[in-house]
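Note sheet for the following structure.
Numbering (my numbering), first residue to last: 2 to 568.
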């Protein structure tokens, strides 16, 4: 992990300072000092480090340098490249003389891309036409069914009395309902498909518009001047920052309730549209935020004063006319105070932005070679698949929901800290829901909500509620509630269920709430009290067993006083 931290520190320094290590980029119009051979080299994207809103890209080229001076040209750098971030390195017996960025105009041959997009659009259009035909046919059938129903149920203009056969009518109604359900389902499916196809057609049209047949385009080129004493094999690496690429964490949690296993597939969603594809590149993902900068902000004086409303324009004019030349003073005068009140407050620096950045950044290296196309589509890569120790539990709030919610409590024993992101949850092979993962450090504990389990049932019932009058002089009304909650374990395994319920909280001294059952003197393993008069019972149920808990309380208040919030 040390090497990763050192690497990240170097990357951050690189991004903030943007100073080439080996050679500084020169202006495009710098004259050459000697005749040179200009050689366009074929290069490939070898390494990419993706940050939250940019990427550090390294291109690599293997070539043979002739004796003397040579200008190597790396063509078609992305338009979003930061020219000041360009750095050059390499191996071989040569000397680096100069590095500069050139912007050139090129006419791109897009005929092949245009043809491919037009063929793709034609396919979508044919499928869209087929879906439109299905929608039209389904609409026609629905109109036909409505017309049949109208003819059968209306004898307007006819003296014929329709026969009353209950069985036949019931059969006809069942047929009519069933056909309508089939037609409606087909219509919904066809319309959804048509919308998706139209979205694809719109996308292709946008790509065709952006291509523009035979249009000219500006491209960036890196010109690298090197010198070799003799012909030599060399490897040249060009690194640069390009804006736009991003990544976010994503998780798939798979729970096997019978085998007591919890698997976490730690993934990353990467996307980019820089104009160059990253084919078979070594991919790294960093949590560093280079846009924040590496310098800690400094505090400015924090002034406070008694608030004085700014005078109106008329008052200001009177003050100006009636004022003599002000005497020198070390205190803040009215005009200075007014200026201080009306001037905008000083900026607070980058404290808010940098508050989300941790003390150290994390670097994930994706094993193997990864390809990320420049299509602005999500590309999923796996960081790790982790099998974690887990403890199952259930939680219920019967006042609000009749279900028991399945939970997993686990410890992140991996070397990978969990970052906030979306989770896709599967229990015993079935998809349950999407949820969110909070930040979990290495060695930290976390809880995953795995949906409801209908094999564990919870039922809350009001057993008794009665009203009575109290007091001799000061008449009062008193209402008592008694609830019983029954929890049943229908599984073949023992379960632990935490049940939460509550007493009302009085917001007025005239309203007195008294707990009757349970009477809790101190927290125990089976029962504890949390904030706002909420109780938590922990039940340990054997297979096929059940348990009941009671909640009883009274509310007393002056007779005739309206009380809000009571059930």
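From the three backbone atoms N, C-alpha and C, an ideal C-beta is built for every residue, glycine too.
How many angstroms separate the CA atom of residue 373 from the CA atom of residue 57? 14 Å
Note to self: To the nearest angstrom, how far is the alpha carbon of residue 495 from that of residue 526?
What the structure shows: 17 Å
Quiz item: residue 459 to residue 498, Cα distance in whole Å?
Solution: 10 Å
### Task
Could you spell out where the beta strand (DSSP E) holding residue 86 opens and where it closes?
No beta strand (DSSP E) contains residue 86, which DSSP labels as neither H nor E.
* Could you tell me the boundaries of the beta strand (DSSP E) in which residue 266 lies? => 262-272
- Query: Are there 16 or more other CB atoms within 10 angstroms of the CB of residue 88, so buried, or fewer, so exposed?
  - Reply: buried
#### Entry: Same chain only: Cβ atoms within 6 Å of residue 392, ignoring 5 sequence neighbours per side
410
#### Entry: Reduced DSSP category for residue 306 - H, G, I as helix; E, B as strand; rest coil
coil
Check: For residue 80 versus residue 221, is the C-beta distance shorter than 8 Å?
Finding: yes
If you drop the 5 nearest sequence neighbours on each side, which residues of the same chain put their C-beta closer than 8 Å to that of residue 206? 122
For residue 552 and residue 271, the rounded distance between their alpha carbons = 52 Å
(message) Which residue marks the beginning of the beta strand (DSSP E) containing residue 1, and which one marks its end?
(response) Limits of the chain in this structure are 2 at one end and 568 at the other, which puts residue 1 out of reach.
Original post:
Can you name the start and end residues of the beta strand (DSSP E) that residue 438 belongs to?
Top reply: 431-438
Notebook entry, point to check: By a C-beta neighbour count over all protein chains shown, 10 Å radius and 16 as the cutoff for buried, is residue 287 buried or exposed?
Noted result: buried
**Study point:** Three-way DSSP call (helix, strand, coil) for residue 226 in this model
**Key:** strand
- Task: Ignore the nearest five residues each way along the sequence and tell me which others in residue 136's own chain have a CB closer than 8 Å to its CB.
- Result: 188, 191, 192 and 195
* Asked: Under a Cβ-count criterion, where at least 16 other Cβ atoms within 10 Å of its own Cβ denotes burial, should residue 424 be classed as buried or exposed?
  -> buried
* Asked: How many angstroms separate the CA atom of residue 25 from the CA atom of residue 280?
  -> With a pLDDT of only 39 at residue 25, under 50, the local geometry of the prediction cannot be trusted, and no value is derived from it.
(message) Please report the distance separating the alpha-carbon of residue 116 from that of residue 276.
(response) 19 Å
ask   = In three-state DSSP terms, what is residue 107?
value = strand
| task | Could you tell me which residues DSSP puts in a beta bridge with residue 134? | result | Looking at the DSSP assignment, residue 134 forms no beta bridge with any residue, so it has no partner.
Q: Could you work out which residue in 176, 170 and 438 is closest to residue 146 when comparing CA atoms only?
A: 176
**Asked** Cβ of residue 550 less than 8 Å from any chain B Cβ?
**Response** Of the protein chains in the structure, only one exists, and it is not chain B.
Residue burial classification, residue 397 (beta-carbon count within 10 angstroms, cutoff 16) = buried
Integer Cβ distance of residue 451 from residue 414, believed to fall under 8 Å: Between residue 414 and residue 451 the Cβ distance is about 19 Å, and since that is not below 8 Å, they are no contact.
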